[in-house]
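Trainee: I'd like to ask you about the structure that follows.
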Amino acid sequence: MATPLEQLEERRDKIYLQMSAVGDFRPGMISVNFRRCGKKNCACFQPDHPGHGPQYLWNTTQKGVSRAQNLRMGPELEKTEKEVANYRKFAQLYQEAIEVNEKICLLRPVSEIDDEHELQKFKKIE
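Using the UniProt record's numbering, you'd call the opening residue of the sequence shown number 1 and step up by one each time.
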(Lines of atoms letter the chains of each structure in order from A; the text may use other names.)
(Lines give C-alpha, C1' and ligand atoms only; values in the text may rest on other atoms or scores of the structure.)
Protein backbone atom coordinates (compact mmCIF):
# COMPACT_ATOMS: atom_id res chain seq x y z
CA MET A 1 0.00 0.00 0.00
CA ALA A 2 1.26 3.46 -0.91
CA THR A 3 2.17 5.91 1.82
CA PRO A 4 0.25 9.19 2.12
CA LEU A 5 3.25 10.98 0.61
CA GLU A 6 3.30 8.62 -2.38
CA GLN A 7 -0.46 9.04 -2.82
CA LEU A 8 -0.08 12.82 -2.86
CA GLU A 9 2.77 12.61 -5.37
CA GLU A 10 0.58 10.44 -7.62
CA ARG A 11 -2.26 12.97 -7.27
CA ARG A 12 0.13 15.80 -8.17
CA ASP A 13 1.32 13.91 -11.26
CA LYS A 14 -2.30 13.43 -12.36
CA ILE A 15 -3.01 17.14 -11.85
CA TYR A 16 0.04 18.08 -13.94
CA LEU A 17 -1.10 15.70 -16.67
CA GLN A 18 -4.59 17.24 -16.63
CA MET A 19 -3.07 20.75 -16.76
CA SER A 20 -1.03 19.85 -19.83
CA ALA A 21 -4.19 18.60 -21.59
CA VAL A 22 -6.26 21.76 -21.02
CA GLY A 23 -5.42 23.31 -24.37
CA ASP A 24 -5.71 26.96 -25.36
CA PHE A 25 -7.07 29.22 -22.66
CA ARG A 26 -7.49 32.86 -21.77
CA PRO A 27 -8.87 34.59 -18.71
CA GLY A 28 -11.89 36.79 -18.74
CA MET A 29 -15.60 36.63 -19.22
CA ILE A 30 -18.09 36.97 -22.01
CA SER A 31 -20.98 39.35 -21.53
CA VAL A 32 -24.16 39.52 -23.56
CA ASN A 33 -25.49 42.99 -24.30
CA PHE A 34 -28.56 44.48 -25.92
CA ARG A 35 -28.25 48.14 -26.91
CA ARG A 36 -30.52 50.89 -28.09
CA CYS A 37 -29.31 52.79 -31.13
CA GLY A 38 -30.91 56.08 -30.14
CA LYS A 39 -32.95 56.64 -33.30
CA LYS A 40 -36.45 57.74 -32.37
CA ASN A 41 -38.06 55.93 -35.30
CA CYS A 42 -36.32 52.58 -34.55
CA ALA A 43 -38.15 49.69 -32.86
CA CYS A 44 -35.56 49.70 -30.07
CA PHE A 45 -36.85 53.10 -28.99
CA GLN A 46 -40.06 51.49 -27.68
CA PRO A 47 -40.05 50.99 -23.88
CA ASP A 48 -40.74 47.24 -24.04
CA HIS A 49 -38.09 46.51 -26.71
CA PRO A 50 -34.87 44.95 -25.30
CA GLY A 51 -32.63 46.67 -27.84
CA HIS A 52 -30.40 45.47 -30.65
CA GLY A 53 -28.53 42.30 -30.00
CA PRO A 54 -27.41 40.08 -28.63
CA GLN A 55 -23.89 41.45 -28.87
CA TYR A 56 -21.09 39.46 -27.24
CA LEU A 57 -18.08 41.03 -25.60
CA TRP A 58 -15.04 39.24 -24.15
CA ASN A 59 -13.31 41.29 -21.48
CA THR A 60 -10.51 40.84 -19.00
CA THR A 61 -8.31 42.84 -16.66
CA GLN A 62 -4.73 41.75 -16.13
CA LYS A 63 -2.10 43.66 -14.17
CA GLY A 64 -4.48 46.60 -13.98
CA VAL A 65 -4.99 46.79 -17.75
CA SER A 66 -8.47 46.16 -19.13
CA ARG A 67 -8.99 44.69 -22.57
CA ALA A 68 -12.13 43.90 -24.52
CA GLN A 69 -13.03 42.36 -27.83
CA ASN A 70 -16.34 42.20 -29.67
CA LEU A 71 -17.15 38.65 -30.74
CA ARG A 72 -19.08 37.56 -33.77
CA MET A 73 -21.69 34.87 -33.23
CA GLY A 74 -20.67 31.48 -34.55
CA PRO A 75 -17.15 30.07 -34.61
CA GLU A 76 -15.47 33.11 -33.02
CA LEU A 77 -17.86 33.13 -30.06
CA GLU A 78 -17.65 29.35 -29.62
CA LYS A 79 -13.84 29.42 -29.73
CA THR A 80 -13.67 32.16 -27.10
CA GLU A 81 -16.24 30.42 -24.86
CA LYS A 82 -14.11 27.27 -24.95
CA GLU A 83 -10.92 29.22 -24.17
CA VAL A 84 -12.56 30.96 -21.19
CA ALA A 85 -13.91 27.61 -19.92
CA ASN A 86 -10.44 26.09 -20.32
CA TYR A 87 -8.99 28.94 -18.26
CA ARG A 88 -11.42 28.20 -15.45
CA LYS A 89 -10.44 24.53 -15.58
CA PHE A 90 -6.73 25.41 -15.57
CA ALA A 91 -7.20 27.81 -12.65
CA GLN A 92 -9.01 25.09 -10.66
CA LEU A 93 -6.23 22.56 -11.38
CA TYR A 94 -3.60 25.17 -10.48
CA GLN A 95 -5.25 25.69 -7.08
CA GLU A 96 -5.41 21.93 -6.52
CA ALA A 97 -1.72 21.63 -7.41
CA ILE A 98 -0.85 24.29 -4.84
CA GLU A 99 -2.83 22.52 -2.11
CA VAL A 100 -1.35 19.09 -2.91
CA ASN A 101 2.19 20.49 -3.08
CA GLU A 102 1.77 22.16 0.29
CA LYS A 103 0.71 18.84 1.82
CA ILE A 104 3.68 17.12 0.17
CA CYS A 105 6.05 19.72 1.61
CA LEU A 106 4.63 19.17 5.09
CA LEU A 107 4.90 15.37 4.85
CA ARG A 108 8.31 15.11 3.21
CA PRO A 109 10.86 14.24 5.88
CA VAL A 110 13.68 16.59 6.73
CA SER A 111 17.16 15.11 6.41
CA GLU A 112 18.95 14.68 9.71
CA ILE A 113 22.54 15.71 10.39
CA ASP A 114 24.37 13.26 12.63
CA ASP A 115 27.87 14.68 12.26
CA GLU A 116 28.51 17.34 14.91
CA HIS A 117 31.03 19.14 12.67
CA GLU A 118 28.47 19.36 9.87
CA LEU A 119 25.91 20.71 12.33
CA GLN A 120 28.28 23.46 13.46
CA LYS A 121 28.24 24.91 9.92
CA PHE A 122 24.55 25.79 10.37
CA LYS A 123 24.95 27.44 13.76
CA LYS A 124 25.50 31.16 14.00
CA ILE A 125 28.96 32.34 14.92
CA GLU A 126 28.81 35.03 17.54
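Using N, Cα and C, we set each Cβ at its ideal position, and we do this for glycine too. Computed from a prediction, not measured in an experiment: that's the story for all the values here.
(1) Is Arg-35 helix, strand or coil when you go by DSSP?
(2) Could you work out which residue in Met-29, Asn-101, Glu-112, Val-110 is closest to Arg-88 when comparing CA atoms only?
(3) Which residues does DSSP list as the beta-bridge partners of Ser-20?
(4) For Ile-104, does the three-state DSSP call read helix, strand or coil?
(5) Alpha carbon to alpha carbon, what distance is there between Arg-11 and Leu-5?
(6) Would you call the segment 13-21 and the segment 72-84 touching, i.e. three or more CB-CB distances under 8 Å?
(7) Just curious, the beta strand (DSSP E) that His-52 is in, first and last residue?
(8) Could you check if Leu-93 is buried or exposed, using at least 16 other CB atoms within 10 Å of its CB as the buried criterion?
(9) Flag this pair as yes or no: are the beta carbons of Ile-15 and Glu-83 separated by less than 7 Å?
(10) Can you confirm whether the segment 26-40 touches the segment 58-68 when touching is taken to mean that 3 or more C-beta pairs between the two stretches lie within less than 8 Å?
(11) Counting only the same chain and skipping the five closest in sequence on each side, list residues whose C-beta sits under 6 Å from that of Arg-67.
(12) On the criterion of 16 or more Cβ atoms from any shown chain inside 10 Å, does Val-100 qualify as buried, or is it exposed?
Mentor: For this structure:
(1) Here residue 35 is taken as the residue at index 35 of the sequence shown, counted from 1. Assignment of Arg-35 by DSSP, reduced to helix, strand and coil, places it in the strand class.
(2) Indexing the sequence shown from 1 puts residue 88 at position 88. Selected option, being the one with the closest Cα: Met-29.
(3) Numbered from 1 along the sequence shown, position 20 holds the residue referred to as residue 20. The partner list for Ser-20 (beta bridge, DSSP) is empty, contrary to what the question assumes.
(4) Residue numbering aside, residue 104 sits at position 104 when the sequence shown is read from its first letter. Correct three-state label for Ile-104: helix.
(5) As a working mapping, residue 5 is identified with position 5 in the sequence shown. As a working mapping, residue 11 is identified with position 11 in the sequence shown. Cα-Cα distance, rounded: 10 Å.
(6) Here the segment 13-21 makes no contact with the segment 72-84; the two share fewer than three CB pairs at distances below 8 Å.
(7) For this step, residue 52 is matched to residue 52 along the sequence shown. Run containing His-52: 52-62, per the beta strand (DSSP E) assignment.
(8) Locating residue 93 in the sequence shown gives position 93, where the first residue counts as 1. Leu-93 comes out buried.
(9) Position 15 of the sequence shown, counted from the start, is the residue given in the question as residue 15. Position 83 of the sequence shown, counted from the start, is the residue given in the question as residue 83. Not closer than 7 Å, so no.
(10) yes
(11) On the sequence shown, residue 67 is found 67 positions in, with the first residue counted as 1. The residues are Thr-60.
(12) Sequence index remark: in the sequence shown, residue 100 carries index 100 (1-based). Classification of Val-100: buried, given that the 10 Å Cβ count is 16 or more.
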